[in-house]
Structure formats: structure tokens, C-alpha cells
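K.L.:
The opening residue of the sequence shown carries number 4 in our numbering; numbering runs sequentially from there. Every residue, glycine too, gets a C-beta built ideally from N, C-alpha and C. The model shown is predicted, which means the values in this text are computed figures rather than measured ones.
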Amino acid sequence: MLKNKADIRALVFMVIITGLLVLNWSQPHLSWPLFLAANWMAISVAVMAHNYNHAKMWRNDTLNALTDYWITCFYGYPTFAWIPTHNTNHHKHNNRVPDYTITYRFTEANNLLTAVTYPTISGYYQQEPNRRFLRETYRKNKKRFCYYISQFAVLLTFIGVGLAIDWKKALLYIVVPQQVALFMVLLFNYVQHVHADEESPTNHSRNFTG
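#1: Which runs of the alpha helix (DSSP H) at least 4 residues long sit entirely within the region 35-64? Give them in chain order.
#2: Which residues in the same chain as P180 place their Cβ atom closer than 6 Å to its Cβ, once the five residues preceding and following it in sequence are excluded?
#3: May I ask you to report which of helix, strand or coil DSSP gives L66?
#4: Between Y128 and Y103, how many whole angstroms is the CB-CB distance? I'm expecting something under 8 Å.
#5: In angstroms with no decimal places, state the Cα-to-Cα distance between R99 and K8.
#6: Please determine, among Q195, W35, C149 and I11, the residue with the shortest C-alpha to C-alpha distance to Y55.
#7: Could you compute how far the alpha carbon of H94 sits from the alpha carbon of A84?
#8: Touch check for the region 47-61 and the region 70-88: three-plus C-beta pairs under 8 Å?
#9: Between which two residues does the alpha helix (DSSP H) containing T117 stretch?
#10: Would you please state the rounded distance, in angstroms, between the beta carbons of T110 and T117? I believe it to be under 8 Å.
#11: Can you tell me the Cα-Cα spacing of Y72 and G163, whole angstroms?
#12: Any contact of the region 192-201 with the region 129-147, i.e. 3+ C-beta pairs under 8 Å?
#13: Within 10 angstroms of its Cβ, does N97 collect 16 or more other Cβ (buried), or is it exposed?
#14: Could you check what DSSP says for L33 in three-state terms: helix, strand or coil?
Shown next as C-alpha cells:
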């Protein structure tokens with residue numbers, strides 16, 4: 004039922020990432036190797052969230068929805084948010100105003116401070132288009148709106164149940180990896196676009212190879 008055999012790798016990663024959560028949670032004390040492995044794999048979740056947004060894995064809608072929920076839980080934010088901020092905005096404007104993820108919102112500087120603050124600033128400015136997108140979806144397609152809201156519900160339930168069981172473990176093994184994923188995907192965007200030529204049709208982004 005997979006659209007592409009290459010997505011078997013994504014499924015393997017999903018099993019590993021889920022397994023690391025279970026393994027970390029089952030430890031009586033913090034295991035640094037397992038904890039660091041979970042946060043390293045959280046970066047893969049960020050990449051998977053981006054790629055899955057552009058190309059769904061399954062031919063079956065139910066399996067795609069379940070994958071949406073899994074990514075939402077481990078990424079730390081609903082997958083629908085990629086539509087208004089990335090698909091229909093970032094890929095259209097490529098770091099030019101009105102791109103919500105521009106790298107020069109307050110300064111053209113490129114240094115450690117701008118790099119480490121960019122994810123938080125960019126994330127903040129992406130919230131309004133997300134809210135606007137939800138309002139528009141509610142007017143046009145209430146069934147789709149309910150599906151998007153259900154992603155919030157699943158995410159909050161996932162975190163809430165974890166906090167109720169053991170709030171310290173939930174923060175360490177659920178929330179921290181989520182924040183790593185959210186931070187790193189925006190840091191990647193910063194590195195890809197900062198001081199590139201946003202007016203160029205070909206040089207507005209850097210390629211990552213190797």
C-alpha cells in the first residue's frame with residue numbers, strides 16, 4: 004500500500020523512534036545514550052514531516068491520517084500547518100516578503116545569535132497564518148477543519164497522558180525531542196536561505212549534499 008518502496012525507510016525510522024520513546028520511558032534513571040539517540044532521531048522526524056507534507060506515503064487515506072497523527076505527536080505540531088506556511092507561501096516567495104519564514108525579519112546579520120533565535124521568531128510569525136488558514140478551512144470545508152483540529156486533540160492528549168503518568172519523563176522524552184525537531188527544521192531553513200539571493204530564480208536556496 005506504500006506509494007514508493009523508498010518509504011520503507013521512513014517506516015523503519017518510525018519504529019526506531021517509537022521504540023526509543025518506550026526504551027527511554029522504561030529506564031529507572033536517565034540513560035544519556037538513549038536520550039541523545041532519541042533527540043538525534045528527532046531531527047529525522049523534522050525531515051519526515053517536511054517530506055510527508057509534500058508526498059504522502061500511502062495509497063490509503065486512513066493510513067495517511069494515522070501517519071499524520073504519528074508525525075504530529077513526535078514532531079510536536081500538527082502536520083496541517085505546513086500547508087499555509089510552507090506549501091502555499093514559502094515555496095512561492097522563497098525568502099522574499101511576504102514569506103512568513105524570512106531570515107532577515109529584524110536584521111540582515113548572520114551570526115550565532117540570529118541563527119539560534121530565528122526558529123523561535125519564525126515560529127511566532129507563522130501562528131497567525133495558521134489561524135487564518137483554519138478560519139478559511141472552517142468556512143470552506145468543515146470536515147477538513149475537524150480533521151485539522153483533531154491533530155491538535157491527538158497531540159495534546161499524547162502530551163497530557165504522558166504528563167499525567169510521569170511529568171518528568173514526559174518533559175524529557177516527549178517534549179524535549181519535539182522541541183528539537185521543531186527547532187532544527189527551522190534552523191535548516193535559516194542555513195538554507197540566509198544571505199542567499201532571494202531575488203534569483205535559482206540561487207535563493209542552498210543545496211545540501213553528501
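P.N.:
Taking the coordinates as given:
#1: 35-57
#2: A41, N42 and A45
#3: helix
#4: 6 Å
#5: 36 Å
#6: I11
#7: 14 Å
#8: yes
#9: L115 to Y128
#10: 6 Å
#11: 15 Å
#12: no
#13: buried
#14: coil
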